[in-house]
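Novice:
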Amino acid sequence: NYGFITSNKPGEEPPFSELFLLGGANSLRGYDWFSVGRRKFSQTAYNEAVAIPGSDANKIAMKPFGGTQQLYYNLEFQFPMIQEAGINGVVFYDIGQAENQVKPEDFQQDVGFGVRWFSPIGPLRFEWGFPVGPQDYDVDPVNFQFAIGSPF
Numbered sequence: 141n142y143g144f145i146t147s148n149k150p151g152e153e154p155p156f157s158e159l160f161l162l163g164g165a166n167s168l169r170g171y172d173w174f175s176v177g178r179r180k181f182s183q184t185a186y187n188e189a190v191a192i193p194g195s196d197a198n199k200i201a202m203k204p205f206g207g208t209q210q211l212y213y214n215l216e217f218q219f220p221m222i223q224e225a226g227i228n229g230v231v232f233y234d235i236g237q238a239e240n241q242v243k244p245e246d247f248q249q250d251v252g253f254g255v256r257w258f259s260p261i262g263p264l265r266f267e268w269g270f271p272v273g274p275q276d277y278d279v280d281p282v283n284f285q286f287a288i289g290s291p292f
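For the sequence shown, our numbering begins at 141 and goes up steadily by one.
#1: So what does DSSP say about tyrosine 186, is it helix, strand or coil?
#2: Would you call the stretch 261 to 278 in contact with the stretch 244 to 252, where contact means no fewer than 3 C-beta pairs closer than 8 Å?
#3: Relative to the C-alpha of valine 279, which residue among Gly143, Trp173, Asn214 is closest?
#4: For the stretch 208 to 215 against the stretch 160 to 169, do three or more pairs of beta-carbon atoms, one drawn from each stretch, fall closer than 8 Å, so that the two count as touching?
#5: DSSP three-state label for phenylalanine 292, please.
#6: Can you find a heavy atom of the ligand NAP that lies under 7 Å from the Cβ of arginine 179?
#7: Where in the stretch 203 to 248 do unbroken runs of the beta strand (DSSP E), each at least 3 residues long, occur, reported from the N-terminal end onward?
#8: Serine 175: which of Phe181, Leu161, Ser182 sits nearest, CA to CA?
#9: Please work out which residues of its chain come closer than 6 Å, Cβ to Cβ, to serine 195, disregarding the five sequence neighbours upstream and downstream, and give them in chain order.
#10: Which two residues bound the contiguous beta strand (DSSP E) that contains lysine 199?
#11: Whole angstroms is fine: what's the gap from isoleucine 227's alpha carbon to methionine 221's?
#12: Roughly how many angstroms lie between the CA atoms of leucine 159 and aspartate 246, to the nearest whole one?
#13: Classify glutamate 224: buried if its beta carbon has 16 or more other beta carbons within 10 angstroms, exposed otherwise.
#14: Expressed to the nearest angstrom, what Euclidean distance is found between the alpha-carbon atoms of glutamate 152 and glutamine 275?
Take a look at the structure:
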């Protein structure tokens, strides 16, 4: 999946609310919602972090801001577990990034597994994702995602 956005005013960046961020049940499942992408320094977060003994204030102050491009790929294998109940298992691998210039060395990756139940109200997804590789920022070692509907 590739996305690109530009401003209709030359030399200006699109509004913050329109920039791309990845993470969550519909993109990079091993990361929190909207936590993967270009980051900017937040003076407010820095001031709060400085007051916490032993914290890395500079690292904490870098907050997800979003980029003008996104590129991500989801690969998954779904298999039947309890066919009579409409329950399937899934294993997956996700990779992607949201930056102003998407470069392979900036990509974030995750792997995981999950259960899908094709319930009377629609498909329910229960998935656990695990970030892979070195992390520049604090990320949870495991992320649980719940979603209603198909992933793609």
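Glycine residues also receive a C-beta, built at the ideal position from the N, C-alpha and C atoms. All values reported here derive from a predicted model rather than from experimental measurement.
Specialist: So, to answer that:
#1: Translated into positions along the sequence shown, residue 186 becomes position 46. The answer is helix: DSSP assigns tyrosine 186 an H, G or I state.
#2: Verdict: yes, contact present.
#3: As a working mapping, residue 279 is identified with position 139 in the sequence shown. The alpha carbon of valine 279 has as its nearest neighbour, out of Gly143, Trp173, Asn214, the alpha carbon of Trp173.
#4: Contact holds: three or more Cβ-Cβ distances are below 8 Å.
#5: By 1-based counting over the sequence shown, the position of residue 292 is 152. Of the three classes helix, strand and coil, the one that applies to phenylalanine 292 here is coil, per DSSP.
#6: The model on display carries no ligand, and the ligand NAP is accordingly not part of it.
#7: Considered as a whole, the stretch 203 to 248 harbours 209 to 222, 227 to 239 as its complete beta strand (DSSP E) runs of no fewer than 3 residues, in chain order.
#8: For the purposes of this step, residue 175 is taken as the residue at position 35 of the sequence shown. Serine 175 has its Cα closest to that of Leu161, out of Phe181, Leu161, Ser182.
#9: Taking the sequence shown and counting its residues from 1, one reaches residue 195 at position 55. Correct list, in chain order: Ala189.
#10: Residue 199 sits at position 59 when you count from the first residue of the sequence shown. Per DSSP, lysine 199 belongs to no beta strand (DSSP E); it is in the alpha helix (DSSP H), 197 to 200.
#11: Locating residue 227 in the sequence shown gives position 87, where the first residue counts as 1. Locating residue 221 in the sequence shown gives position 81, where the first residue counts as 1. Computed Cα separation, rounded: 6 Å.
#12: As a first step, residue 159 must be located in the sequence shown, where it is residue number 19. As a first step, residue 246 must be located in the sequence shown, where it is residue number 106. A straight line joining the alpha-carbon of leucine 159 with that of aspartate 246 spans about 17 Å.
#13: Within the sequence shown, numbered from 1, the residue matching residue 224 stands at position 84. Flag for glutamate 224 reads exposed.
#14: Within the sequence shown, residue 152 is the residue found at index 12, counting from 1. Within the sequence shown, residue 275 is the residue found at index 135, counting from 1. Distance between the alpha carbons of glutamate 152 and glutamine 275: 30 Å.
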